[in-house]
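Asker:
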Amino acid sequence: MPHVTFVHGIGNKPPADELLDQWRIALFDDDGLDLDAMGVTSSMVYWADMLYAQPAAAFTAHESTLGPDDAAEFEVQDPGWICELPDDERQFVERLGLEVGVATVEPVPGECETLVLPDTELEAIPLPPAVKKRLMQVFLRDVHHFLYDASFTPRPGETFRIRSDIRERALKALQEGDSQPGPHVVVGHSLGSVIAYDALTAINDAPRVDALLTVGSPLGISEVQDGLTPPWTRNDGWPARCLGDGRWTNVYDPLDPVCGLLDRQIAGDFLHAGQRKVADVGVSNTGSWRHSIGKYLGQPRLRDFLRQVLE
């Protein structure tokens, strides 16, 4: 029996079961991919609860509905966390911000402001500045906390080491998928693509998988690559131990700011013994917010890849 392990991205999410249903429905909408009819099981590596006090409401959390006045899953963040970082970590956040179009995270009296670089995809997104600011604050915080294995307490009495604890959940989900006859496909969106790659390269007990699909991925951003372990190298960045000669497709929208300003195509950054193996697939999502997983899952080329590797 085929199995898909999904890994969600930045921002708050509804409860895990509801989120998994949303992804399966998004794949099926408009005569799409019916995982039920194909006999495909699935699971979700769920980690939003490590950074948010309570789940998002299901009706607000489907990114495909994101409009200029509502970005419910991207909750307002206190930017003061940036001001409290050690110098090296703060410099990392500043460089990461530049990679996605954020001009500065320098503090001003009483707060930290996030401004948008002119003439970038982030500036071109037709959303109000306050919404863009909120979106990118969530991105910067979630990526920093994962790569630096930050300690975070979303609720009284519960503290997580973000990267370490996400790895535990990722390993459990991968082992669940490995218990099925296969094929086993891993799908990571946004920061979830980084989590998926991290699991396949840094977790010693991670099982082999048959295919990897990264969607709206920041893996092409140099600051993200520098945080990959074991140390990432461009010439041999392919996750050979777990993926072997399987397929890796990377789907991106050129106007998705989370993919970075320079390196949305990642094939040249994750070579297999010096050879290109990643298939970069450019798509054009509709609407204001091109990073939406709902829109990506509706893309015919993404669905075609999944159909091929699952059958």
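Residue numbers (this note's numbering): -4 to 306.
Think of the CB as a built atom: it goes at the ideal place given N, C-alpha and C, for glycine as much as any other residue.
Nothing here was measured: the structure is a model prediction, and the numbers come from that model.
Could you tell me which residues DSSP puts in a beta bridge with Phe300?
Answerer: Answer by DSSP bridge pairing: none, since Phe300 is not bridged.
Asker: How would you write the range of the alpha helix (DSSP H) that His139 sits in, first residue to last?
Answerer: 124 to 142 is the extent of the alpha helix (DSSP H) around His139.
Asker: Less than 7 Å between C-beta atoms, sequence neighbours within five positions excluded: which residues of the same chain meet that for Arg390?
Answerer: The structure shown does not extend to residue 390, since the chain is modelled only from -4 through 306, so no value can be given for it.
Asker: Could you check what DSSP says for Glu79 in three-state terms: helix, strand or coil?
Answerer: If DSSP states are grouped into helix, strand and coil, Glu79 belongs with coil.
Asker: Apply the 10 Å Cβ neighbour rule to Cys107 and answer buried if 16 or more other Cβ atoms are within range, or exposed otherwise.
Answerer: Because Cys107 sits at a pLDDT of 48, beneath the cut-off of 50, its placement in the model cannot be relied upon, and the point is left open.
Asker: Can you check which of these residues, Leu15, Leu46, Ser185, Pro176, is closest to Asp205 by C-alpha distance?
Answerer: When only C-alpha atoms are compared, the closest one is Pro176.
Asker: Beta-carbon within less than 8 Å of Arg19's beta-carbon, same chain only, minus the 5 sequence neighbours each way: which residues are those?
Answerer: For Arg19, where only same-chain residues beyond five positions count, the Cβ hits under 8 Å are Leu30, Asp31, Ser37.
Asker: Just curious, the beta strand (DSSP E) that Tyr247 is in, first and last residue?
Answerer: Tyr247 -> beta strand (DSSP E) spans 242 to 247.
Asker: Quick check on the burial criterion: 16 or more other C-beta atoms within 10 angstroms. Buried or exposed for Ala43?
Answerer: Answer is buried; the Cβ neighbour count reaches 16.
Asker: Check whether the Cβ atoms of Arg158 and Ser146 sit closer than 7 Å, and answer yes or no.
Answerer: Contact: no.
Asker: Nearest by alpha-carbon distance to Gln170: which of Ser188, Ile198, Tyr143 is it?
Answerer: Closest by alpha carbon: Ile198.
Asker: Closer than 8 Å by C-beta to Tyr291: which residues in its own chain qualify, once you throw out the five before and the five after it? Chain order, please.
Answerer: The answer, listed in chain order, is His184, Val210, Gly211, Val246, Asp248, Val278, Asn280, Leu297.
Asker: Could you name the residues of the same chain whose beta carbon sits closer than 7 Å to that of Ala53, not counting the 5 residues immediately before and after it, in chain order?
Answerer: For Ala53, where only same-chain residues beyond five positions count, the Cβ hits under 7 Å are Pro9, Glu13.
Asker: Which runs of the beta strand (DSSP E) spanning at least 3 residues fall entirely within the stretch 144 to 177, listed in chain order?
Answerer: The qualifying runs are 146 to 150, 153 to 156.
Asker: Going by C-alpha distance, which of Ser188, Cys254, Ala168 is nearest Glu200?
Answerer: In the sequence under discussion, the amino acid at residue 200 is Asp, which differs from the Glu named in the question. When each option's Cα is compared against that of Asp200, the closest is Ala168.
Asker: For Gln132 and Asp144, what's the separation of their Cα atoms in angstroms?
Answerer: Each residue's alpha carbon lies about 18 Å from the other.
Asker: In or out: Ser174 buried (at least 16 other Cβ within 10 Å) or exposed?
Answerer: Looking at its Cβ environment, which holds fewer than 16 other Cβ atoms inside 10 Å, Ser174 is exposed.
Asker: Can you name the start and end residues of the beta strand (DSSP E) that Leu207 belongs to?
Answerer: Counting along the chain, the beta strand (DSSP E) containing Leu207 begins and ends at 206 to 210.
Asker: Quick one: using the 10 Å Cβ neighbour count with 16 as the cut-off for buried, is Met45 buried or exposed?
Answerer: The residue in question, Met45, is buried, as its Cβ has 16 or more Cβ neighbours within 10 Å.
Asker: Take Leu327 as the anchor and find which of Val181, Arg285, Leu305 has the nearest alpha-carbon.
Answerer: The question about residue 327 has no answer here: the residues shown for the chain are numbered -4 through 306.
Asker: Report whether the distance from the Cβ of Trp42 to the nearest heavy atom of the ligand MN is below 6 Å.
Answerer: The ligand MN is not part of this structure, which contains no ligands at all.
Asker: Got a sec, what are the start and stop residues for the alpha helix (DSSP H) Thr196 sits in?
Answerer: Residues 186 to 197.
Asker: Who are the Cβ neighbours of Pro149 in its own chain at under 8 Å, not counting the five residues just before and after it?
Answerer: For Pro149, where only same-chain residues beyond five positions count, the Cβ hits under 8 Å are Asp44, Met45, Leu46, Tyr47, Ala48, Phe155.
Asker: Whose C-alpha, out of Val276, Arg236, Pro81, is nearest the C-alpha of Thr244?
Answerer: Ranking Val276, Arg236, Pro81 by Cα distance to Thr244 puts Val276 first.
Asker: Using the C-alpha atoms, what's the distance from Val97 back to Ala125?
Answerer: Their Cα atoms are separated by approximately 13 Å.
Asker: For Ala274, report the span of its beta strand (DSSP E) as first-last.
Answerer: Residues 274 to 277.
Asker: For Leu266, which option in Leu256, Leu238, Asp231, Cys254 has the closest C-alpha, if you only look at C-alpha atoms?
Answerer: Nearest of Leu256, Leu238, Asp231, Cys254 to Leu266, Cα basis: Asp231.
Asker: Ends of the alpha helix (DSSP H) at Val219?
Answerer: 217 to 221 is the extent of the alpha helix (DSSP H) around Val219.
Asker: Please return the same chain residues whose Cβ sits closer than 6 Å to the Cβ of Pro(-3), not counting the five positions on each side in sequence.
Answerer: Excluding sequence neighbours, Pro(-3) sits near Val35, Pro178, Leu305.
Asker: Below 7 Å CB to CB, which residues in the same chain sit around Pro225 once its five sequence neighbours on both sides are set aside?
Answerer: The residues are Thr196, Ala197.
Asker: Does DSSP put Met45 in a helix, a strand or coil?
Answerer: Met45 falls in the helix class under three-state DSSP.
Asker: Leaving out five residues on either side along the sequence, give the residues of the same chain with a beta carbon under 7 Å from the beta carbon of Thr115.
Answerer: These residues qualify, in order along the chain: Gly96, Leu256.
Asker: Hey, quick one: how far does the alpha helix (DSSP H) through Phe23 stretch, first residue to last?
Answerer: It spans 11 to 23 - the alpha helix (DSSP H) in which Phe23 sits, taken as one unbroken run.
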